[in-house]
Each structure stands twice: as C-alpha cells, then as structure tokens.
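A.B. asks:
Residue numbers (my numbering), protein chains in the order written: chain P, 7 to 125; chain F, 90 to 583.
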C-alpha cells in the first residue's frame, strides 16, 4: 500500500489538465474574433435552433427511464448465467428461475399499477 | 474448467429471507387485487416480522458463521442489530395503523407503505450482518432509500416533499463521500472484506506514530459519510425538516431504524475494519459526540413543534451513542463501548417510537403537533398523557425507566475507559434536556385543553403504545439478558 503506485495516474491527470488548459488558453488568445449570429449558435454548422435548449421535460420520461434502468441492469445478471447455462446445471437454473420469478412479480406490479401507460 | 455454483448456507439467511418474502408477497397481493391488499397488508407485515423475529432463534449466532464467501456474517452483532430492527419494525407498523387507515392519500397504496418500511428493516438487518464493504453499503442504501420515499408519502403536503428532498439529496451526497472513503480503504489495503482490512492495517499501522495521510483521508471521508447517516452535528441539517415533514409514523420509524443501520455501519467499519486506527477515530468520535449532544439538546429548547423538538432530541441522543463508541479502547478486556451503544439503540427504539406514536395518536383525534396541542391532555385522555409522560421521562433519563439504564451503561463505559469529560457532558446535557421534555409534561398536566377533539378508536395504535410504555417501564429492571447479549460483540467484531 503505497501512494507511489498511483503516481502514474497522478501524472496522467496532471498532463491532461495542463494540456487541456493550455490548448484552450492558446486558442483564446491567438484566434481572431469576428462574431456573427450564425457563429454564436451552439452548433455552428448545424440546423438553427427551434426552441431554447432548457425546455421542460415531462416527468413521464423519468418513470420510463427508471423502469428501463431497473430491467436493463437485471439483464446483465442473466447474461452470464445464460452463457454458462449447461455448466451451472439444475441448481443454477433454479436460482435463475427464482431471480426471473421475482422480476416477473416486479413487471406484474408495475403493469397493474399503470406505470406502463402513457397517461 | 468446470464451473460450480457454491450454494449459500440458507439456514443462516432465514430471518432476512422471511422479511424479503413478506415484501414480495405484499407487492404481489397488491398487484393482483388492491382491495385484498388493503385488508391483508397490515396483518401480513406484522406476522412476517414476528416470524422473522422468532426465526432468529433458529440460527446459531455464536459460531460467527459466514456465507456468500465471507460477505454475510451471522454473528452476535448481526443478531442484536436484527433484533432491534425487527422489534422497531413491528412497533412502527403498529404505530402506522391509524395513519394507514385514514391518512393515506388516494392512489397511494397501504401495501406500498408497508413494503417500503420492511425494505428498510431488511436493509438494516443486512448492514448488521455485513462482512464486506459492498454488502454493508448495499444494506445501508436499502435502509435509507426506502425511507426517502416514505418521508414524501404525504405527497400533496409541501413540508413532506421538502423534508424528503433534503433528506434524499444530503443522503445521496453522503453516500458518495462514504463510497469515496471506501474506495480509498480498498486502494490502500487491497481488500473489501472487513476482517482482512483490519488484518492488513495491523501490519502497517504502528500505534503512536502519525498516520499515513492517505489513510487519514480515508478515515475522514468514512467518518463524514457515516456522520450524515446517523445525523451527527455538523452533518445533521436534514434531520429536523425530514422529521417534521414526514407523516408522524414515518418520523417514528426513521428516527430509529436508519439510525440503527447507521450505527451498525459505524461499528462494522470503524470498530471492526479500522480497529488498528482506534486511537484516531475514538478521539474524533468523542469530539463529534460532544458537539452533537450539546447542539441537539440546546436547540431543542427553542422548538414549539413536538416533531421538530423530537428531531433535535434525536440528534442529542445520537451524541450520547457516539460518546459510547468513543469509549472504545483497543484491546481492553471487558470493553463495554459497543455493547452500551447497542443497548442504547434498543432502549431508544421503545421510547422514541413511543413518543412519536403518541403524537400520531393525537393527530388521529384531530389535533396538531405543537406544544399547545398537548395542553390539558391529562384531562381528556389520562392514559395517553401518562404514556407520553413515561416516554418523555425515559428520554430524559429518569430512573428506573429504560432510558436511564441506557445512559447509565454508556456513562459506565466512558468511566471505565477514562473519558470522564464525556460522561460529565452526558449528565449535564441530560439536565438541559429536562427543560424541554418536562415542558411537554407540564403542558399535559397543568394547562387547559384547546382545539377540537374528535374521539375515534385506534386499537392497534393503542396496543403498540401500551407495549412500548410497559417495555419502557419494565425492561430497564430486567435489562440483564439483553445487555449480556449486547456484550458479546467483541467476539463478533474482531
């Protein structure tokens, strides 16, 4: 346990910080400044803005995103089991079945509670 | 290479699995039929926790057996934490009985409420039995996240949402700091297993020498993160708002069980894993304990709202418990520090859930939560007033009530460890706390009643209050077995 082992990471952090700062500062001082409205757009060569970027987003997306994250993360647990399905034999299958069973109750719950409906 | 799944030692997992099964059952019933859930949820939550409580007797805790590798430890410490969590859970469900019948807003399910409460109990049991930092963190978060949601349960009342938001944001922030501290500990010792960390540190740290700065940073990060969880000053800012804003039965619950989880985590991380650094953290906890108890008790004097007052008093009690941990002396046989804190938490569960329970009882009858609302209670409802008086006197530390014994054992631990200044601070602060606890009693007994009184029947809530009042009165006198159970901790935490 010695901090010296982390010196490489420290060096990396230092280099990237210094490099980034220096490049931005050099650009800032060296470049010619001739602003036009088109140049001040967030995406200089893109389509003009339709509405301000800080618009409000309906919380329904939040619910959908939450459910997605929950079930997406759980898929990660199923993948390794599926890959090693034959090696893990019956006991592994039963454990995965228990896991999927609890997931099913969760799905049933959110379905019945109307979380899947776009009210 | 052939793969083999190692089966966990299921028999060690029976108590938490019963709680988990109850939660799944609650939610499944609610998903199938909300009407059936309204009828069965409360008895189910009670029976589930009672079964788990009984099943504690089926595990042989003395062995300190581990399963899931060494991630789950079924030792004495886990037993005592599970015991406190389950008893508090049962009492909280009883206290919630009135609120869940009349107070829940439309569209908010009773089963949801109870499932969240049980999730938090389950998380606390996991913290108690954690053998490594990851499991500890998972349990701690499970215990806390469920309570964030419970705090916001009166979702149309602004104070409830405000309290929940403050609790959540600061709690999440604290978790980040805690995890950062854990990452440093892992980076320095190369292990997340608590006993391995202690082992590695013992080879590196020489007593009397200044600490490696990296190790000191890790210790400070952990202390800050855990300080938030147990609401120690200066990390207490969320406490009064959350306690006042939450529905009263939730305040009752959150004043106890997440705190049990927090102290269990402190014991597991500091006393078990960072034991070789005890010189450093015991001093730190002593200072934290002093400012926490002074701040909590002094500020509580100014409160007119009973829930807010109990919030500050809870901060004060955190200070007393931290003082108990500060009495830890490495390697001294017969060390009482952690045992006294466990007993304190056990006692605290009865009197604090009880005090909030009486407020919930009053709210059922149409009264508010300020000091004026309890005025003249002795004339209206002598039994309720007597119950409240018992809880107030016990929180104050009046012999021979349970709260007195709790303080007594902490002070004893401090004196044996030679930390007289903290023992004196506890006595002085108990005297200060008499002011605001006794003010409630004088309001109830010597003032004229005001407000509208709506007589209703709340049998389950009444049963819960009776149980807690009797326990507060009597358990102090027969505290021997519980204390003895709590004193087994050195075997578990080394």
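Don't be surprised by glycine CBs; every beta carbon is placed ideally from N, CA and C.
CB residue 430 (chain F) to CB residue 414 (chain F), shorter than 7 Å?
C.D. replies: Position 341 of the second chain, counted from the start, is the residue given in the question as residue 430 (chain F). Position 325 of the second chain, counted from the start, is the residue given in the question as residue 414 (chain F). Closer than 7 Å, so yes.
A.B. asks: Determine the direct distance from the alpha carbon of residue 55 (chain P) to that of residue 48 (chain P), and round the result to whole angstroms.
C.D. replies: On the first chain, residue 48 (chain P) is found 42 positions in, with the first residue counted as 1. On the first chain, residue 55 (chain P) is found 49 positions in, with the first residue counted as 1. Going from the Cα of residue 48 (chain P) to the Cα of residue 55 (chain P) covers about 9 Å.
A.B. asks: List the residues of chain F whose Cβ lies closer than 8 Å to the Cβ of residue 68 (chain P), in chain order.
C.D. replies: On the first chain, position 62 is the one that residue 68 (chain P) refers to. Going along chain F, no residue has its Cβ under 8 Å from residue 68 (chain P), so there is no contact; the nearest lies around 14 Å.
A.B. asks: Taking residue 225 (chain F) as the query, report the chain P residues whose CB atoms sit under 9 Å from its CB, ordered along the chain.
C.D. replies: Counting from one through the second chain, the residue named residue 225 (chain F) turns up at place 136. Those within 9 Å of residue 225 (chain F) in chain P number zero; the least Cβ separation is about 20 Å.
A.B. asks: So, under 8 Å CB-CB, residue 433 (chain F) and residue 499 (chain F) are touching, yes? Tell me the CB distance rounded to an integer number of Å.
C.D. replies: Locating residue 433 (chain F) in the second chain gives position 344, where the first residue counts as 1. Locating residue 499 (chain F) in the second chain gives position 410, where the first residue counts as 1. With 8 Å as the limit, residue 433 (chain F) and residue 499 (chain F) qualify as a contact, their Cβ atoms being about 6 Å apart.
A.B. asks: State yes or no: is the beta carbon of residue 85 (chain P) nearer than 7 Å to at least one beta carbon in chain F?
C.D. replies: Within the first chain, the letter at position 79 stands for residue 85 (chain P). So, not an interface residue.
A.B. asks: Which partner residues does residue 154 (chain F) have in the DSSP bridge list?
C.D. replies: As a working mapping, residue 154 (chain F) is identified with position 65 in the second chain. For residue 154 (chain F), which the question treats as bridged, DSSP gives the partners F:163.
A.B. asks: Quick one: is residue 282 (chain F) near chain P, going by C-beta distance under 7 Å?
C.D. replies: Stepping through the second chain from its first residue, residue 282 (chain F) is reached at position 193. Taking 7 Å as the CB threshold, residue 282 (chain F) stays off the interface with chain P.
A.B. asks: Which of the three DSSP states, helix, strand or coil, is assigned to residue 219 (chain F)?
C.D. replies: Working through the second chain from its first residue, we reach residue 219 (chain F) at position 130. Three-state result, residue 219 (chain F): strand.
A.B. asks: Check whether the Cβ atoms of residue 533 (chain F) and residue 470 (chain F) sit closer than 7 Å, and answer yes or no.
C.D. replies: Working through the second chain from its first residue, we reach residue 533 (chain F) at position 444. Working through the second chain from its first residue, we reach residue 470 (chain F) at position 381. It is not a contact, given that the beta carbons lie outside the stated cut-off.
A.B. asks: Identify the contact partners of residue 113 (chain F) in chain P, using a Cβ-Cβ distance below 8 Å as the criterion.
C.D. replies: Indexing the second chain from 1 puts residue 113 (chain F) at position 24. Here the neighbours are 108, 111.
A.B. asks: Going along the stretch 114-128 of chain F in order, which residues come within less than 8 Å of chain P, judged by CB to CB distance?
C.D. replies: If you check each beta-carbon in the stretch 114-128 of chain F against every beta-carbon of chain P, the ones closer than 8 Å belong to 116, 117, 119, 120, 121.
A.B. asks: Return the CA-CA distance between residue 112 (chain F) and residue 274 (chain F), expressed in angstroms with no decimal places.
C.D. replies: Within the second chain, numbered from 1, the residue matching residue 112 (chain F) stands at position 23. Within the second chain, numbered from 1, the residue matching residue 274 (chain F) stands at position 185. Distance between the alpha carbons of residue 112 (chain F) and residue 274 (chain F) is about 34 Å.
A.B. asks: Using the C-alpha atoms, what's the distance from residue 120 (chain P) back to residue 109 (chain P)?
C.D. replies: The count along the first chain starts at 1 and reaches residue 109 (chain P) at position 103. The count along the first chain starts at 1 and reaches residue 120 (chain P) at position 114. Cα to Cα, residue 109 (chain P) sits roughly 17 Å from residue 120 (chain P).
A.B. asks: Got a sec: is the Cβ-Cβ distance from residue 96 (chain P) to anything in chain F below 7 Å?
C.D. replies: Taking the first residue of the first chain as position 1, residue 96 (chain P) is located at position 90. With 7 Å as the cut-off, residue 96 (chain P) does not count as an interface residue toward chain F.
A.B. asks: Report the residue from P:122, P:116, P:124 whose alpha carbon sits nearest the alpha carbon of residue 120 (chain F).
C.D. replies: Taking the first residue of the second chain as 1, we reach residue 120 (chain F) at position 31. It is P:116 whose Cα lies nearest to the Cα of residue 120 (chain F).
A.B. asks: Identify whether residue 148 (chain F) lies in helix, strand or coil by the three-state DSSP scheme.
C.D. replies: In the second chain, the residue the question calls residue 148 (chain F) occupies position 59. Here residue 148 (chain F) sits in coil by DSSP.
A.B. asks: Name the residues in the stretch 295-319 of chain F whose C-beta lies less than 7 Å from a C-beta of chain P; which are they?
C.D. replies: 303
A.B. asks: Please classify residue 282 (chain F): does DSSP put it in a helix, a strand, or coil?
C.D. replies: Looking up residue 282 (chain F) in the second chain gives position 193. Strand.
A.B. asks: Run through chain P and tell me which residues come within less than 8 Å of residue 96 (chain F), C-beta to C-beta.
C.D. replies: Taking the second chain and counting its residues from 1, the one referred to as residue 96 (chain F) is at position 7. Those are 97, listed as they occur along chain P.
A.B. asks: Please confirm whether residue 115 (chain P) has its beta-carbon closer than 7 Å to some beta-carbon of chain F.
C.D. replies: Stepping through the first chain from its first residue, residue 115 (chain P) is reached at position 109. Closer than 7 Å to some Cβ of chain F, the Cβ of residue 115 (chain P) qualifies, so yes.
A.B. asks: Using a Cβ-Cβ distance cut-off of 7 Å, determine whether residue 39 (chain P) contacts chain F.
C.D. replies: By 1-based counting over the first chain, the position of residue 39 (chain P) is 33. Output row for residue 39 (chain P): interface = no.
A.B. asks: Any idea what DSSP makes of residue 407 (chain F), helix, strand or coil?
C.D. replies: Position 318 of the second chain, counting from 1, holds the residue named residue 407 (chain F). Helix, per DSSP.
A.B. asks: Per DSSP, what kind of secondary structure is residue 330 (chain F) in: helix, strand or coil?
C.D. replies: As a first step, residue 330 (chain F) is located in the second chain; it is residue number 241 there, counting from the start. Here residue 330 (chain F) sits in helix by DSSP.
A.B. asks: Using the Cα positions of residue 531 (chain F) and residue 330 (chain F), report the straight-line distance between them to the nearest angstrom.
C.D. replies: Position 442 of the second chain holds residue 531 (chain F). Position 241 of the second chain holds residue 330 (chain F). Cα to Cα, residue 531 (chain F) sits roughly 26 Å from residue 330 (chain F).
A.B. asks: Is the separation between the beta-carbon of residue 449 (chain F) and that of residue 480 (chain F) shorter than 7 Å?
C.D. replies: In the second chain, the residue the question calls residue 449 (chain F) occupies position 360. In the second chain, the residue the question calls residue 480 (chain F) occupies position 391. Cβ atoms of residue 449 (chain F) and residue 480 (chain F): not closer than 7 Å.
A.B. asks: So what's residue 301 (chain F) in DSSP terms, helix, strand or just coil?
C.D. replies: As a working mapping, residue 301 (chain F) is identified with position 212 in the second chain. Three-state result, residue 301 (chain F): coil.
A.B. asks: In angstroms with no decimal places, state the Cα-to-Cα distance between residue 485 (chain F) and residue 271 (chain F).
C.D. replies: As a working mapping, residue 485 (chain F) is identified with position 396 in the second chain. As a working mapping, residue 271 (chain F) is identified with position 182 in the second chain. C-alpha separation (whole angstroms): 36 Å.
A.B. asks: Determine the DSSP secondary structure at residue 459 (chain F), reduced to helix, strand or coil.
C.D. replies: The residue you call residue 459 (chain F) lines up with position 370 of the second chain. The answer is strand: DSSP assigns residue 459 (chain F) an E or B state.
A.B. asks: Chain F partners of residue 9 (chain P), CB-CB under 7 Å?
C.D. replies: Mapped onto the first chain, residue 9 (chain P) falls at position 3. Near residue 9 (chain P) (Cβ distances below 7 Å), the residues of chain F are 303.
A.B. asks: If you reduce the DSSP assignment to three classes, tell me which class residue 90 (chain F) lands in.
C.D. replies: On the second chain, position 1 is the one that residue 90 (chain F) refers to. Legend: pLDDT at residue 90 (chain F) = 48, less than 50; position of this residue unreliable, value from coordinates given subsequently. In this structure, residue 90 (chain F) counts as coil in the three-state DSSP scheme.
A.B. asks: Which residues mark the beginning and the end of the alpha helix (DSSP H) in which residue 528 (chain F) is found?
C.D. replies: For the purposes of this step, residue 528 (chain F) is taken as the residue at position 439 of the second chain. From DSSP, the alpha helix (DSSP H) with residue 528 (chain F) extends over 509-535.
A.B. asks: With a 10 Å radius around its C-beta and 16 neighbouring C-beta atoms as the bar for buried, classify residue 240 (chain F) as buried or exposed.
C.D. replies: What you label residue 240 (chain F) is simply residue 151 of the second chain in a count that begins at 1. In summary, residue 240 (chain F) is buried, with 16 or more beta-carbon neighbours lying within 10 Å of its beta-carbon over all protein chains present.
A.B. asks: Quick check: the Cα distance between residue 78 (chain P) and residue 505 (chain F), rounded to an integer number of angstroms?
C.D. replies: Stepping through the first chain from its first residue, residue 78 (chain P) is reached at position 72. Stepping through the second chain from its first residue, residue 505 (chain F) is reached at position 416. Roughly 54 Å separates the two Cα atoms.
A.B. asks: Indicate whether at least one CB of chain F lies closer than 7 Å to the CB of residue 118 (chain P).
C.D. replies: For the purposes of this step, residue 118 (chain P) is taken as the residue at position 112 of the first chain. For residue 118 (chain P), the answer is yes, since a Cβ of chain F falls inside 7 Å of its Cβ.
A.B. asks: Starting from residue 78 (chain P), follow the alpha helix (DSSP H) in both directions and report where the run begins and ends.
C.D. replies: Translated into the one-based positions of the first chain, residue 78 (chain P) becomes position 72. Membership of residue 78 (chain P) in the alpha helix (DSSP H) is indicated by the continuous run 66-89.
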